[in-house]
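Please read the structure below before turning to the comments.
Chains as they are written, first to last, in my numbering: chain A, -17 to 98; chain B, 80 to 189.
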């Protein structure tokens, strides 16, 4: 398996533009997580899905952020309009049974977003 | 609210030495994870600790969990340069949410 695949790896955009980050989870995994990593706040869980349904979006910073999972093999995280403070590395992770018992989340390579 | 604190945040050590990274958390949890992150890379799972007194070892790394003290340790034995990385502990909050520590940036010098 190729693991969790994220695209793009790097994105530079101007303030006010729309940004879409993409994720393909590991086949057969039921859970998908979006995390954000910054120097100031560390790693934060933004939202997670179970069987394509959003379960907890309490970590989404504001209405400019939205996430979808139209099918089991694809998810997007959209920021509109983007702001410089959104600059961060965004990680997608998937897990076969959620992070319960002896399972762990497998992380993608991340998308480094820079908003100028 | 669950808080997870690691110390030290930065650690520079020489090859061959032993050291320990500490992870304290504020509320009861049934799972704790250790991850490794190399610069510019993703997070790699190292250990999953599920019960009080759990100890797991992989090569020069050993992790333990004391749920009563709400403390986990990651012990490095006879460090080698390849272990240079940032190490994160993460504690489960509820069924799915992981709360991460700040990370410990470990540098091992020849």
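Just so you know, even glycine gets a beta-carbon here, dropped at the ideal spot from N, CA and C.
Environment of residue i [buried if 16+ CB atoms lie within 10 Å]
{"i": "residue 7/A", "result": "buried"}
{"i": "residue 95/B", "result": "exposed"}
{"i": "residue 19/A", "result": "buried"}
{"i": "residue 185/B", "result": "buried"}
{"i": "residue 176/B", "result": "buried"}
{"i": "residue 11/A", "result": "buried"}
{"i": "residue 88/A", "result": "buried"}
{"i": "residue 76/A", "result": "buried"}
Amino acids of chain B, ordered along the chain, whose beta-carbon sits closer than 9 Å to that of residue i
{"i": "residue 3/A", "result": "Neighbours of residue 3/A on chain B: none; closest Cβ ~14 Å, over 9 Å."}
{"i": "residue 13/A", "result": "175"}
Which residues DSSP lists as bridging residue i, in chain order
{"i": "residue 24/A", "result": "20/A"}
{"i": "residue 184/B", "result": "89/B, 165/B"}
is_contact[residue i, chain B] using C-beta, thresh 8 Å
{"i": "residue 25/A", "result": "yes"}
{"i": "residue 86/A", "result": "yes"}
{"i": "residue 8/A", "result": "no"}
{"i": "residue 72/A", "result": "no"}
{"i": "residue 91/A", "result": "yes"}
Simplified DSSP state of residue i, which is helix, strand or coil
{"i": "residue 160/B", "result": "helix"}
{"i": "residue 38/A", "result": "strand"}
{"i": "residue 52/A", "result": "strand"}
{"i": "residue 94/A", "result": "strand"}
{"i": "residue 149/B", "result": "coil"}
{"i": "residue 67/A", "result": "helix"}
{"i": "residue -14/A", "result": "coil"}
{"i": "residue 96/B", "result": "coil"}
{"i": "residue 139/B", "result": "coil"}
{"i": "residue 81/B", "result": "coil"}
{"i": "residue 75/A", "result": "strand"}
{"i": "residue 8/A", "result": "coil"}
Amino acids of chain A, ordered along the chain, whose beta-carbon sits closer than 9 Å to that of residue i
{"i": "residue 224/B", "result": "This structure cannot settle anything about residue 224/B, because the visible part of chain B is limited to 80 through 189."}
Contact list for residue i against chain B, beta-carbon separation under 8 Å
{"i": "residue 37/A", "result": "175"}
Any C-beta of chain A under 8 Å from that of residue i
{"i": "residue 93/B", "result": "no"}
{"i": "residue 182/B", "result": "yes"}
{"i": "residue 108/B", "result": "no"}
{"i": "residue 143/B", "result": "no"}
{"i": "residue 124/B", "result": "yes"}
{"i": "residue 112/B", "result": "yes"}
{"i": "residue 121/B", "result": "yes"}
Within chain A, the residues that residue i reaches when beta carbons sit closer than 7 Å
{"i": "residue 179/B", "result": "24, 25"}
Chain-ordered chain A contacts of residue i [CB-CB under 8 Å]
{"i": "residue 167/B", "result": "25"}
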